[in-house]
Amino acid sequence: MSDWQQRIDAVWATADELGDHEVIRRIDALAAERPAGDPLALFERAGARDSAGLEDEAEPLYRQAIAAGITGSERVQAHVQLASTIRNLGRPLESIALLDEIEPEAGELHDAVVAFRALARVDAGDARLAASEALAALAPHLQRYRVSLAAYAADLAASA
Numbered sequence: 001m002s003d004w005q006q007r008i009d010a011v012w013a014t015a016d017e018l019g020d021h022e023v024i025r026r027i028d029a030l031a032a033e034r035p036a037g038d039p040l041a042l043f044e045r046a047g048a049r050d051s052a053g054l055e056d057e058a059e060p061l062y063r064q065a066i067a068a069g070i071t072g073s074e075r076v077q078a079h080v081q082l083a084s085t086i087r088n089l090g091r092p093l094e095s096i097a098l099l100d101e102i103e104p105e106a107g108e109l110h111d112a113v114v115a116f117r118a119l120a121r122v123d124a125g126d127a128r129l130a131a132s133e134a135l136a137a138l139a140p141h142l143q144r145y146r147v148s149l150a151a152y153a154a155d156l157a158a159s160a
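When you line the sequence shown up against UniProt numbering, it's residues 1 to 160, in that order.
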């Protein structure tokens with residue numbers, strides 16, 4: 001992990017104590033150390049604003065990070081966080097489409113994609129399908145009731 005990323009992580013580790021304004025200030029200062037248009041810097045700036053409830057400011061920064069070629073786990077995170085932001089801005093169908101797009105490459109963040117898509121589906125008026133997908137994603141993590149929960153999830157999906 002780079003020194004820069006360690007310093008970013010340190011800001012996030014103390015975000016509750018720092019407060020929204022100070023998190024944004026510190027993240028912006030660290031982002032300014034990177035070249036203009038750096039996808040990770042854009043992503044971190046977006047996340048700081050998103051965390052502060054400034055979705056209108058976060059959305060274009062997430063889009064710029066994606067367009068600039070953010071890669072790896074951060075690419076999936078950028079899509080998930082952008083989708084959440086878009087949902088909060090009242091565009092759940094766009095959020096669902098963005099999550100559907102990133103799902104094939106989500107890897108270890110697959111369950112996060114499903115969870116945020118479930119939230120968007122509820123906002124779009126499809127709570128049964130949302131519950132079905134969320135329960136289907138949860139079922140493999142259970143020690144007991146895995147089969148039952150998966151069957152209930154399938155029943156919900158069939159009736160959605």
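Built from N, CA and C at the ideal position, the CB exists for glycine as well.
CA-to-CA distance, residue j to residue i, given in whole angstroms
i	j	result
Ile66	Ser2	21 Å
Leu42	Arg26	13 Å
Asp56	Ala137	30 Å
His110	Ala36	31 Å
Ile96	Ala112	13 Å
Asp123	Pro60	22 Å
Arg87	Ala58	13 Å
Arg34	Ala115	32 Å
Ala15	Arg7	12 Å
Integer-rounded CB distance, given that residue j should sit under 8 Å from residue i
i	j	result
Ala118	Ala134	4 Å
residue 163	Asp20	Absent from the model: residue 163. The displayed extent of the chain is 1 to 160, so no value can be given.
Cβ-Cβ distance between residue i and residue j below 8 Å
i	j	result
Leu99	Ala130	no
Gly72	Pro39	no
Arg128	Ala106	no
Which listed residue (the options) has its alpha carbon closest to that of residue i
i	options	result
Glu94	Gln81, Leu54, Glu17 and Tyr152	Gln81
Leu30	Asp20, Gly107, Arg63 and Asp9	Asp9
Gly23	Gly90, Trp12 and Glu108	Here residue 23 turns out to be Val, not Gly, going by the sequence shown. Residue Trp12 is the option with its Cα nearest to Val23.
His79	Ser132, Gly47, Gly90 and Ala15	Gly47
Trp4	Arg146, Gly53 and Ala32	Ala32
Checklist entry - Going along the chain, which unbroken runs of the beta strand (DSSP E) with 3 or more residues stay wholly within the UniProt domain "Tetratrico peptide repeat group 5" (40-156)? => result none
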